[in-house]
Amino acid sequence: MIQRKKLSEVRVCNFCARSCHLDNGEVGACGVRKNIAGHITSLYYSKIASMAVEPIEKKPLYHFHPASRVLSLASFGCNFSCSFCQNYSIAQDYDPYFAYESESINPTNLPMIMEKEGVNLVAYTYSEPTVWQDYMLECCDWVSGNGGKNIMVTNGFFSSVALDKFTRSVDAFNIDLKGNRAFYQKHCGARIEPVLHSISRLISAGKHVEVTTLLIEDLHTLEDVREIARMVSDLGVKVWHLSRFYPAYKMSNSNRTSEPFLKEAIEIARSKDIDFVYGGNSQNISNSLTKCTKCSNVLIQRDQYNVHLINSRIENSKMFCNICGTELFGKY
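Residue numbers for the sequence shown follow the working numbering, so the first one is 499 and each next one is one higher.
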């Protein structure tokens with residue numbers, strides 16, 4: 499006789515759009531949320547997989563306090579199963595024992611670390627912060643309580659409960675838009691709809707949002723780029739990063755995305771109603787210039803992570819073109 503699960507033993511995780519139904523002892527798709535005696539628990543709460551101080555442009559965020567340094571930190575896990583993951587060693591393919599034994603950092607210690615490093619910005623990044631959001635949100639409280647700003651680099655696959663919390667606690671987002679609907683189903687084991695909803699809601703709420711697409715020449719076509727560009731434009735996104743893929747994880751034998759393919763993709767993107775389109779992981783520094791949307795005057799020059807603000811002025815956290823006076827999108 500088949501024994502059915504007792505409904506009283508099943509709990510629903512509300513961290514992401516998967517809404518995993520977990521029986522006692524079961525672990526969610528993210529690998530870090532577990533039903534223990536009727537309580538869904540984070541297995542690696544406060545365990546740090548990686549931490550570094552780096553340029554904010556590395557996130558990438560180009561229109562949120564450019565040329566600033568940011569404290570970037572990550573715990574373990576991800577709710578996607580991307581075969582091209584650039585941070586697979588802490589997001590998917592990690593040793594649970596190593597994760598459990600990793601250093602813990604209490605959120606109350608973050609203001610002290612920020613002061614020591616001379617930074618005012620903290621980014622939750624590298625893996626997927628949605629799946630360790632209980633830790634992230636507590637960190638956010640301590641950071642904002644000490645005058646700092648919080649940044650989330652994420653796949654945007656949020657539950658409605660999580661989206662409400664992030665809207666209240668996080669100042670800036672870089673959200674991956676990995677492809678079209680078919681791409682999400684085939685290569686990420688996920689759905690695109692929650693991601694599009696998250697981007698739309700955050701923009702409507704007045705949050706700073708930049709979007710990134712990791713451009714994989716072996717998987718994306720130029721027609722795919724056109725389709726994604728239409729979605730980005732329709733969402734009202736102002737900043738779109740197209741980043742060259744470098745072989746990693748289960749696609750380590752694939753080709754890296756070529757500069758000519760990136761150039762064509764950028765040309766397609768710039769033909770849409772998107773104010774700022776950038777090329778990432780590129781040797782062509784013209785792909786990372788920020789220009790005035792009215793007179794095309796160069797306002798920010800970037801050579802890798804060397805950033806220079808030119809022909810512009812900042813007043814009350816806003817940037818203006820010195821030639822025509824147009825205000826630039828972003829926070830400065």
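Positions of the beta carbon are idealized from the N, C-alpha and C atoms, including for glycine.
- In the same chain as S696, and ignoring 5 residues on each side of it, the C-beta atoms closer than 7 Å to its own belong to G654, F656, L661 and I673, in chain order.
- In the structure shown, the three-state DSSP call for R689 is coil.
- For P745, there is no enclosing alpha helix (DSSP H), as DSSP gives it neither H nor E.
- Contact annotation, P564 with L740: C-beta distance approximately 19 Å; criterion of less than 8 Å not satisfied.
- Per DSSP, F513 is not a residue of any beta strand (DSSP E), being assigned neither H nor E.
- One alpha carbon belongs to G643, the other to S667, and they sit about 11 Å apart.
- Closest option to V805, judged by alpha-carbon separation, among S731, W630 and P553: P553.
- E765 counts as exposed, since fewer than 16 other beta carbons sit within 10 angstroms of its beta carbon.
- In the three-state DSSP reduction, V709 falls in the strand class (E or B).
- For K816, the enclosing beta strand (DSSP E) begins and ends at K816 to C819.
- Pairing M549 with D593, the inter-Cα distance amounts to about 18 Å.
- Closest by C-alpha distance to R679, out of A621, I714, F671 and D722, is D722.
- Three or more beta-carbon pairs separated by less than 8 Å are not found between the region 785-803 and the region 539-546, which leaves the two stretches without contact.
- The criterion of a C-beta distance shorter than 8 Å is satisfied by M634 and Y622.
- Taking I588 as reference, the option from P605, G526, P627 and G823 with the minimal CA-CA separation is P627.
- For V629, the CB contacts under 7 Å within the same chain, skipping 5 residues up- and downstream, are F513, C514, C528, V530, R531, G575, C576 and N577 in chain order.
- In this structure, the straight-line span from the alpha carbon of C790 to that of M650 is close to 26 Å.
- About 6 Å separates the beta carbons of N809 and V796, which is inside the 8 Å limit, making them a contact pair.
- The Cβ-Cβ distance between L619 and K663 does not fall below 8 Å.
- In this structure, F582 and L712 form a Cβ contact; the two beta carbons are roughly 7 Å apart against a cut-off of 8 Å.
- For the pair P558 and T710, the CB atoms are nearer than the 8 Å cut-off.
- Apart from sequence neighbours up to five positions away, the residues of its chain that approach A535 with a beta-carbon distance below 7 Å are N522, ordered along the chain.
- Secondary structure at R754: coil, using DSSP grouped into helix, strand and coil.
- DSSP, read as helix, strand or coil, puts V530 in coil.
- In the DSSP assignment, D801 falls within the beta strand (DSSP E) that extends over V796 to D801.
- In terms of Cα proximity to K792, the closest of E825, S769, Q781 and I783 is E825.
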